[in-house]
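These notes are about the structure you will find just below.
Protein chains in written order, with our numbering: chain A, 2 to 335; chain B, 157 to 572; chain C, 187 to 521.
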């Protein structure tokens, strides 16, 4: 038990530290702009606005939200305090809508899409990788190049291709959005069916992309494990091959779990862009519209939320990993 | 060294990847020699014109024509003129006139016309049909007759003095011109994009820029990764702890998000292709640091390194002659991967509208971004985005193939 | 003369490389062990001794392939049995194996007892887990291992403990022959002693009837085994009792081998034998004459031309050399 406590203690400290630094980066990086950020943003945003009162209100709001008259360090803590309270200010492009509203209406779509897609992709990828390693000849020869090519097609590319095939050519799936454009979100059967129909293409395109990379990783891990000494030893004690294969895949799968924790940050970028292709009402699309309309508060809040989501998921994976791999416990006793 | 190279070029995967990559690169440099010009020049005023050869309609009038009697030319013309709506309307009329529904096949143009000629009578007034509808049928029949029988079109030019139209030329339905004889013609193998630019020309230029971005970013990332990895692995202690901490930090905090924040911070006007490349390089070195560090740690206490240390060799010399040669293969592999991820990163960034500024050079990401912004994907203008994807996938596939080949040469357990 | 437990006649096995070449790593090897006896096999790394260990079990998988010869365990010829029969009826119960790298021989993510259950279930599919646990605990305690080890994962055990656990697992079904491939080479001196003591214990308690001990450390063999065979390039070059072999080696290679490692040093495994310059022949294309000829001090023209067989010279001893024994002895005496 002592080993576990030490492991989780370390992980929690690490999590809090990364969270803090994520806040810091999110605060500092956009402020490295050569010119005055507010003037810059305002000149861009306010150009299209005829309502001077709104412009003025927006400017005041911005100055207040960021406490621009105070020193940098104070600004930073105001920023953290606001963020923790869930107050990200007011959107520029959808004034006077609150940023929190915009984000919270998008976040569930993103989580609902990405989380299952990444998990399913991981499972299928590992299964295929293990098969490729075990069957070796033939299967491996065909599967390897295919998964390598698959993993090279960018996430948005897969999304565009699937859209072309299934939505435009075969017309079996809707083209865009998270639900029918003529519907209002509610819990009616029509709405749920529409959501499910719109879910398929974004979901499978994210699944397919993550399969390739995972399969390649799992294949190498499995080949490495298949050559391990314990495989030979178990064989010479008469243990059945199917049982040994079980040992091997369990052991190869475990590092893949940490692999997932590490790669989730890379995968999220591609997956967010895939959302854009389908105009899925998630954070990716929110981010795009924030960029095109120079809506700084929305962009900043979106990046922060995504970072926090990634940190939480990799932290969770690490914690689960500590329970399922005894090697972690042993390492903590050294 | 020579031996290693020979081994590398014996790996079928590496060779396949290498050939694809070099072939792509050669094409990118040779094509502009045959088709020079500014890739950003807007040729068409329409957006998303289909791939194909476009000849000037104006010039083709003056081009010498020959007479050809192609079998079925008139039917083809008719078939093209007669829309599905018209056909269905014809069927509707015929059914009300008492023709059995099974006899009418709307896809068989010749037969449909035959029945129409026999049965259609403008004087019949089917019950419930509006006058507008009846007039439509009359017009349709006249159009059909014209298409079948009239075989001349007159080209007229206004007289400069009187303003009256004067016949300039008569064109028969049997006149043909050779597309090569038409003074102004252009072949657009991949059509045009939303701005009316030649997609192929733009693509070649964009791929070159993107690969350049990949190389700049890859080299920067590899250099940072190599030096931090060497420092952390070889010096150890506090330096190692610090570098490892930063590396882990940037592994969990998504690099893509940092990239977005920096790019947004730089601002649209200041983002050139090079700036974007440098930014990508600065945010993607962590994997190289990790692998170099672990390699160096395993090398640090090898006999030959200890020997060099005891012989009083300087640190740069030990690193150059006793460590670098052993990790060179990993560094090369890391570089190859960095290049391919950087190309992807540029594309993703551009799709968010945070790519290089749009006025100077096209990049693969920008082309993709334009195609998406102008909804090429939902309208089926495949030529505007599919070739871009293909190039990205091909370049990235060839690089990854080379990497896998190298991996198998240097890690024999992965061989099959 | 006790009962013969294991008899091997002219066993030949080969590796088939990636390029389809045959490498005969065990070439017409014969040996026999009686009940209660142990046999040591010595030689440089790459001489085929580890391959011999694997070949003796009659269970082959690529790249190792059976070619010819017989393996007889207590009268039963196992060399022609199909792999599944061998797996179920021979491995673990008749012949058991302790691998060279026992450090990694245990699945790091499995509890020791779970693995023992898997092993026992191969032969006794119906045996309840409770009984297996009792058996394992009794055996572990008899062999001086704490029963708590059973509930641990391999990663939680120290090197010496892992090795002893592997030995206990290998012998859990009381096999007739135990093949130990360098069981103590990677360990420190104390752990080494404990491993040797444990192997002796197993013999004394009757859990194993005979043992084959493979090593490159000759002094160890002198202490542990009754007989010693020396292998070179896939062939046996000399055999005899432990005492005779260590103090009175006959074949020039045995002589060199014994001379080179009288004092065991750390890292001898990596260091080339100082007393015998040169490297063993390439087994893809073995020389037609004596395989040691290239490195032999006493080589004659004839050595490289004729195939050399084993010559017996009383007391169960034999050697593979065409130079008469008296002449060799004379040469050795002059040095």
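Where a beta carbon is used, it is the ideal one built from N, C-alpha and C, also for glycine.
Tell me which residue opens and which closes the alpha helix (DSSP H) that residue i is part of.
| i | result |
| --- | --- |
| residue 256 of chain A | 242-278 |
| residue 324 of chain A | 297-325 |
| residue 559 of chain B | 542-566 |
| residue 84 of chain A | 73-86 |
| residue 339 of chain C | Element bounds for residue 339 of chain C: n/a, residue is neither H nor E. |
| residue 420 of chain B | 411-422 |
| residue 431 of chain B | 429-438 |
I'd like the span of the beta strand (DSSP E) that includes residue i, first residue to last.
| i | result |
| --- | --- |
| residue 197 of chain C | 190-202 |
| residue 224 of chain C | 224-228 |
| residue 157 of chain A | No beta strand (DSSP E) contains residue 157 of chain A, which is instead part of the alpha helix (DSSP H) from 156-163. |
| residue 328 of chain B | 321-328 |
| residue 217 of chain C | 208-220 |
| residue 158 of chain C | No statement about residue 158 of chain C is possible, as the shown extent of chain C runs from 187 to 521 and does not include it. |
Measuring only the C-alpha atoms, how far is residue i from residue j?
| i | j | result |
| --- | --- | --- |
| residue 160 of chain A | residue 185 of chain A | 25 angstroms |
| residue 443 of chain C | residue 418 of chain C | 11 angstroms |
| residue 442 of chain B | residue 404 of chain B | 8 angstroms |
| residue 170 of chain A | residue 205 of chain A | 17 angstroms |
| residue 440 of chain C | residue 478 of chain C | 11 angstroms |
| residue 282 of chain A | residue 178 of chain A | 6 angstroms |
| residue 564 of chain B | residue 557 of chain B | 11 angstroms |
| residue 526 of chain B | residue 540 of chain B | 9 angstroms |
| residue 227 of chain A | residue 221 of chain A | 10 angstroms |
| residue 32 of chain A | residue 85 of chain A | 20 angstroms |
| residue 412 of chain B | residue 266 of chain A | 8 angstroms |
| residue 477 of chain B | residue 234 of chain A | 41 angstroms |
| residue 380 of chain B | residue 530 of chain B | 38 angstroms |
| residue 271 of chain B | residue 220 of chain B | 39 angstroms |
| residue 316 of chain B | residue 355 of chain B | 41 angstroms |
| residue 393 of chain B | residue 209 of chain C | 48 angstroms |
| residue 255 of chain A | residue 508 of chain C | 58 angstroms |
| residue 256 of chain C | residue 407 of chain C | 26 angstroms |
| residue 464 of chain B | residue 455 of chain B | 13 angstroms |
Can you give the beta carbon distance from residue i to residue j, rounded, assuming they're within the 8 angstroms contact cut?
| i | j | result |
| --- | --- | --- |
| residue 287 of chain A | residue 299 of chain A | 7 angstroms |
| residue 284 of chain C | residue 353 of chain C | 6 angstroms |
| residue 396 of chain C | residue 219 of chain C | 4 angstroms |
| residue 271 of chain A | residue 494 of chain B | Not really, about 16 angstroms apart at Cβ, beyond 8 angstroms. |
| residue 165 of chain A | residue 249 of chain B | Contact doesn't hold; Cβ gap of about 38 angstroms is too wide. |
| residue 291 of chain A | residue 303 of chain A | 6 angstroms |
| residue 239 of chain A | residue 273 of chain C | 5 angstroms |
| residue 495 of chain C | residue 426 of chain C | So it is not a contact: roughly 17 angstroms between Cβ atoms. |
Name the chain C residues that come within less than 7 angstroms of residue i, Cβ to Cβ?
| i | result |
| --- | --- |
| residue 6 of chain A | Simply none; closest approach about 16 angstroms. |
Which term fits residue i, buried or exposed, when burial requires 16 or more other beta carbons within 10 angstroms of its beta carbon?
| i | result |
| --- | --- |
| residue 195 of chain A | buried |
| residue 92 of chain A | buried |
| residue 293 of chain B | buried |
| residue 328 of chain B | exposed |
| residue 218 of chain A | buried |
| residue 157 of chain A | buried |
| residue 515 of chain B | exposed |
| residue 73 of chain A | exposed |
| residue 535 of chain B | exposed |
| residue 295 of chain B | exposed |
| residue 240 of chain B | exposed |
Applying a beta-carbon distance threshold of less than 7 angstroms, which residues of chain A neighbour residue i?
| i | result |
| --- | --- |
| residue 556 of chain B | 149, 153 |
| residue 291 of chain C | 230, 231, 234 |
| residue 278 of chain C | 238, 239 |
| residue 273 of chain C | 239 |
Using a Cβ-based criterion (distance less than 7 angstroms to any ligand heavy atom), does residue i qualify as near the ligand ADP?
| i | result |
| --- | --- |
| residue 6 of chain A | What this structure holds is no ligand at all, so the ligand ADP is not there to describe. |
Mind listing the chain B neighbours of residue i? Cutoff is C-beta to C-beta under 8 angstroms, in chain order.
| i | result |
| --- | --- |
| residue 315 of chain A | 408 |
| residue 288 of chain A | 416, 508 |
Residues of chain B with CB under 9 angstroms from residue i, in chain order?
| i | result |
| --- | --- |
| residue 271 of chain A | 412, 500, 504 |
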